[in-house]
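So the structure is just underneath, and the comments pick up after that.
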Amino acid sequence: MIHPIMDRNRKWMPGFGAVLLILLSHKTSALEVPLDPKVLEGLPQPPTITLQSPKDYIFDPRENIVIHCEAKGKPHPSFSWTRNGTHFDVEKDSKVLVKPGSGTLVIDISGEKAEAYEGTYQCTAHNEHGTAVSNNIVIRQSRSPLWSKERNEPIVVQMGVSLVLQCRPPAGLPPPVIFWMDNNFQRLPLDKRVSQALNGDLYFSNVLPEDSRPDYICYARFPHTQTIQQKQPISVTVLNKSPMGERRPGFMTPLGITSTQMVLRGETLELECIADGLPTPEMSWQKDGGELPSSRMSFHNFKKTLKISDVNEADAGDYRCTATNSLGTAHHIIKVTVKAAPFWVSAPRNLILAPNETGILTCRVSGEPKPKISWFVNGIPLENAPVDHSRKVDGDTVILSNVQSGSSAVYQCNASNEFGYLMANAFVNVLAEAPRVLTPPNRVYQVITNNPALLHCASFGSPIPTITWFKDSQTSIKNGDPFVIHENGTLEIHVAQPLNSGKYTCIATNNLGIKENHVYLEVKEPTRILKQPEYKVVQKGMSAVFECKVKHDPSLVPTMTWLKDDGELPDDERFDVDTDSLTIKDVTDGDEGTYTCIMNTTLDQDSASAMLTVVEKPDPPTDLELTDQTERSVQLTWIPGDEHNSPTQKFLIQYEDLLHQPGVWINLTEVAGTSTTAQLNLSPHVYYSFRVLAVNHVGYSQPSQPSSQYRTNPAAPDENPSDVQGVGAEPGNLVISWTPLTGFQSNGPNLEYKVQWRQKDVDNEWSSETVANVSQFVVSGTPTYVPYEIKVQAVNYYGSGPEPEVVIGYSGEDLPLSAPESVQVMVHNSTLAEVHWEPVSFPSVRGKLQGYKVYYHRERGLHETEGETEQQEQVLTFSGNRSEGRLPGLQPYSLYNLSIRVLNSKGEGPPSPSKTFETPEGVPGPPSFLNVINPSLDSLTLEWGPPMNNNGRLAGYTLKYQPVNNTNELGPVKVMTFLANETTTTLGNLNSSMLYKFYLSAKTIKGSGPIITEEALTVMDTARTQPTVETGKAPPVGPVFGKVNASLSEDGAVISWDYFGHHKNVYVEYIVENSKEDWKKELVNGSHSHMIKGLKPGTSYRVRVVARDPADLTVHSTDEVSVLVPAVPSRQVDIATQGWFIGLMCAIALLILVLLIVCFIKRNKGGKYPVKEKEDAHQDPEIQPMKEDDGTFGEYSDTEDHKPLKGSRTPSNGTVRRDESDDSLVDYGEGGDGQFNEDGSFIGQYSGKKEKDTHEGNESSEAPSPVNAMNSFV
């Protein structure tokens, strides 16, 4: 609520009246009483009219009269009425009812004369603070009088003259709507020749015979009563005996050269010009000296009426209507003046003033002529009201100075001229109220970053409260960037940022009190579309996907909406809306359009759009037409079909030859997609029919309908047969062949072929023969394989084709007569030989030389006896005129035989004399097998078979082998050689439980052949559980696990094992003895020992080590070992506090002291202690070093049985590390990824050396147990 500012330092003085007048009129122009019910409760307020009937009220006599008058105020006002300027006592009239709580009158006029209640009514609303009055409400009854009885004489006119049929309806209230119809209630057709004027008359610019009719009837419809009155029919007869000729236009209405018209501001100006003339004139309008207002202007009645809505003063002027036909023009000028009933410039507004404040009421109006302004207070003219010295009237202004309590009133301003009046109420309410903040407390305002934020502090108080703002209850906010404090108390932040978030406090203060209110501002991140939907071109029937990925403030709940062409998506299951996408399945033509994704939150939104274009194959062309027809060409034109959003790339033109190939369409030519014509080259003697196909990016259209048939005349052939050849099929003939012409190429009937031939390079005449319906001709009696010149020419009924080209052919071939001579063989090595020969003479070939064939076969090996089975003969062909060739792939140490034949197209000639040659020795093939048998703890037996091919004299075998340890490292290689007759050997002094790899090869004097490999394990020295083998797979060679040991420490059970496998996963599994629970397992890959922690004291466990692969069902397991965890005594006794233990310790200390004294005495005497030096060097046996070569302790170890010295530390797994060679080893395979073949051999690759497994053979790092410590001490 805004109050006027009170000047507390100055009193009203005439000297600065103008300045104060401007200031107060500005400050008080928007004051209103707040509508908040909590504020209104108990707040005094003068009456205010809230609802009243219009000034001019036309009622239907069939219904009750309802005159509205509603008002508000505190206390609620009472109502009274005047009629025709005198008091209207509504209580005395039983037909008048006043609605409770208001001044609205309901008058029941049933059974009464409605005219009795016509008149001018005014309502008054009054309470103790003032009186408000309504407008003067003129009540009139609607009327629809009957047409006066009249007889219309028939009208007879000559054709071409103008005619006016008058309507002249009776005056009604309100005026009726006019229209013309016939006896059948059909509206008469209107056009630029026949039109209805604004007054309802029917104008004919010129009459025609068809205008003759007996039933021109004018109807008047009265809106309020919804009744229609009918004028008597008018008969019109048009004669055609002496029609009027053509004439220039003339105006039927308005008459004369000029006319005038007045219109009120804000109403609609209607200008009308109707002209006669023959031909019927055309109408046009213009404004002299100005432009017609296009935005408010419209033409009606075939441009005979110009309407301008919402008229203002600028619309006054001269309007020229022009009638034009072929004989001339006519003009009429309508001078328009604009008057104005009073209208508001600034209506008076309600004022709320505190005592001693000053306020101002303004009543600014305009009109033409200038309105007269009258002031009233509480409905009484000011001049008749009691004198008030604080009130001053200055024309349209009332100034109230130093108002006092109890001076509240309602002022009325009345402005009137001859065209109407305006009346407004404005109260002046003098109040003294402490501040109230109307904005709800703790309101939370949420805005988006970079947007304005408005924090409201609506207040009420009298005097007007002063508003101050604080942020976070500390910082005072002043006017200035970025903050603006508005007059109504609202705090505006032009560009809100996240740092502006927080708590804000507004304080309203006047001289009667102070009030504060807290609000909160939250500045949120904006909603943004990160990935917008993209333009899509989709083929009909396919799917379209629009993506719309959005970022928004996490505290706001987003809502995604998709629109199609700014409307809702079709209710179709083909439209699938996902979180951040829209999918349209099986796209149709109707799916084309613009798709918009809108992401809405409660504060903002973002949107993005993309178009979907649906494409498909074009429609077929239509309307094929043949023009410019000649013997050899024709022009084809067509109309393209719909492209379906994909431009046509080209048109394909096809033809059908109805004479030679009916039903077969052949591609003729292509033209660009922008063309609609094509010049087609034609052939003679063809019955053409054409069709066109359109091609776009999607594909080919359906063919068009065929064109009309076009026949070309026959002619001589344009071409000769193609592919003419001359080849002898057998000795003594020549077969001449060709590809015949098609019926399309024949150019006419009776197609034949003239065949001509003669021997080349011989002076002979051409021989010729004419044949038909064949594609070859045989010439007999020719010499063997001689060249011929050949020609074939096409001939038909209309002549011969062009001169044919000469083709060279050869007569038939025969088998060669002679064989190659001087055959020589050069052996390069054991598998390659080179053969040379003398080529045969060309005449003896008797045909086209194809090349030479070398036949050779291995008779036997040189170490074999004669008569053994010969091998299959081999053939090598050397094309062309060759004299040598190479024979690869020979078998070493063998005897070969060969012969050579010459080859032509007919076949082979006789063979050359046989030639034998020998190949030298080569390296042998691999041994046929290598098996490992009888494995034991330290030995293996190998047996093998000789090579399948010795390729020479076998000299013996070479065997190499080397061990492979648990980490796939290869040991040193050992080499053994054997004689050729040795095929078995036994290897001793091998390590037990060790994997060995063997390499065996055979050798001749030329060297060793390919190797064959095998792997095997020596037997373990303890029994092992045999692994289960999956059906269909061979077991691995040797066991996977070795011995398993278990020992106890303070923290758990230590399990150690030997492992020779290559599985990916190795587990230690354990279970309580005799328990039915599942085995517990712990993964121990790459280790050979593991500590199981958390075992229960006094419990016996079964433990095993298991290896398995995820892709292999085979499981390898060790024997189960039993582990008993000792029980912890229920009662612990501290022996250090026992007397016997203290005494024992003292005795031992005394004994040691005596021994030390004796040793000291002996040393001083030069005595020797046998192991003194060693004891001096090794005071503590617990830290004795280990030898690097055997892993045992220093001088105190027993080298024979490897038993550790009593009290020395033993590895926790109970084993001693295996000796490792110092030789450089190569790692074997890929560790755990290795596996065994079905034949038991190991699969793996030898690669670079890997680091040794740091867990193998490591000694326990745990401290020795108390028992061992005592043993060492003793």
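In short: position in the sequence shown from 1, add 28, done, that's this note's numbering.
Don't be surprised by glycine CBs; every beta carbon is placed ideally from N, CA and C.
| Check | Outcome |
| --- | --- |
| So, is I492 buried or exposed, given that buried needs 16 or more other C-beta atoms within 10 angstroms? | buried |
| Helix or strand or just coil, what does DSSP make of K331? | coil |
| Per DSSP, Y825 forms a beta bridge with which residues? | Y825 is not bridged to any residue. |
| Does DSSP put Y563 in a helix, a strand or coil? | coil |
| Give the straight-line distance between the Cα atoms of I681 and Y728, rounded to the nearest whole angstrom. | 12 angstroms |
| Tell me the rounded alpha-carbon separation between Q257 and W175. | 7 angstroms |
| Please say whether V960 and L915 have beta carbons closer to each other than 9 angstroms? | no |
| Could you tell me which whole beta strand (DSSP E) segments of length 3 or greater appear in the segment 470-528? | 471-476, 481-483, 487-490, 494-499, 503-505, 511-513 and 519-521 |
| If you count every other CB in all the chains shown that lies within 10 Å of the CB of K506, and 16 or more means buried, which is it? | exposed |
| Quick check on the burial criterion: 16 or more other C-beta atoms within 10 angstroms. Buried or exposed for Q224? | buried |
| Does the beta-carbon distance from Y838 to L762 come in below 9 angstroms? | yes |
| Quick check on A757: buried or exposed, where buried means 16 or more other Cβ atoms within 10 Å of its Cβ? | exposed |
| When the distance is taken between beta carbons, is K1031 closer than 9 angstroms to P952? | yes |
| Using 8 angstroms as the cut-off, can you tell me whether the segment 542-559 makes contact with the segment 475-487, which would need three or more C-beta pairs spanning the two stretches below that distance? | yes |
| Along the chain, where does the beta strand (DSSP E) containing Q194 start, and where does it finish? | Where Q194 is concerned, there is no enclosing beta strand (DSSP E), given that its DSSP letter is neither H nor E. |
| With the cut-off set at 9 angstroms, would you say G1016 and D966 are in Cβ contact? | yes |
| Give the secondary structure of P598 by DSSP, where H, G and I count as helix, E and B as strand, and everything else as coil. | coil |
| When burial is assigned at 16 or more other CB atoms within 10 Å of the CB, is L1184 buried or exposed? | exposed |
| DSSP three-state label for C1174, please. | helix |
| Tell whether a beta-carbon distance below 9 angstroms holds between H359 and P282. | no |
| Quick one: what does DSSP say I1189 is sitting in, helix, strand or coil? | helix |
| CB-CB under 8 angstroms to S828, same chain, minus the five flanking residues each way: which ones, in chain order? | A744, P745, K782, Q821 and A822 |
| How is the beta strand (DSSP E) around G771 delimited, first residue to last? | Element bounds for G771: not the beta strand (DSSP E) but the alpha helix (DSSP H), G771 to S774. |
| Which residue or residues does DSSP assign as beta-bridge partners of M639? | T622 |
| Is the CB-CB distance between S795 and R786 below 9 angstroms? | yes |
| T518 to E140, Cα distance in whole Å? | 59 angstroms |
| For N412, does the three-state DSSP call read helix, strand or coil? | helix |
| Check whether the segment 848-855 and the segment 939-946 are in contact - that is, three or more C-beta pairs closer than 8 angstroms. | yes |
| Evaluate D617 with the Cβ neighbour count: other Cβ atoms within 10 Å of its Cβ, from every protein chain shown; 16 or more gives buried, anything less gives exposed. | exposed |
| Using alpha carbons as the reference points, say which of K613, A1044, Q73 and Y1129 lies closest to P991. | A1044 |
| For T697, which of L79, A722 and H688 has the nearest alpha-carbon? | A722 |
| Just the C-alpha distance for Y149 and G345, rounded to the nearest angstrom, thanks. | 39 angstroms |
| Kindly identify the DSSP beta-bridge partner or partners of H546. | T533 |
| Contact defined as beta carbons within less than 8 angstroms: I believe E780 pairs with T798. What is the distance between those atoms, to the nearest angstrom? | 5 angstroms |
| With a cut-off of 8 angstroms, do at least 3 Cβ pairs link the segment 1004-1019 to the segment 928-937? | no |
| Leaving out five residues on either side along the sequence, give the residues of the same chain with a beta carbon under 6 angstroms from the beta carbon of M325. | I336 |
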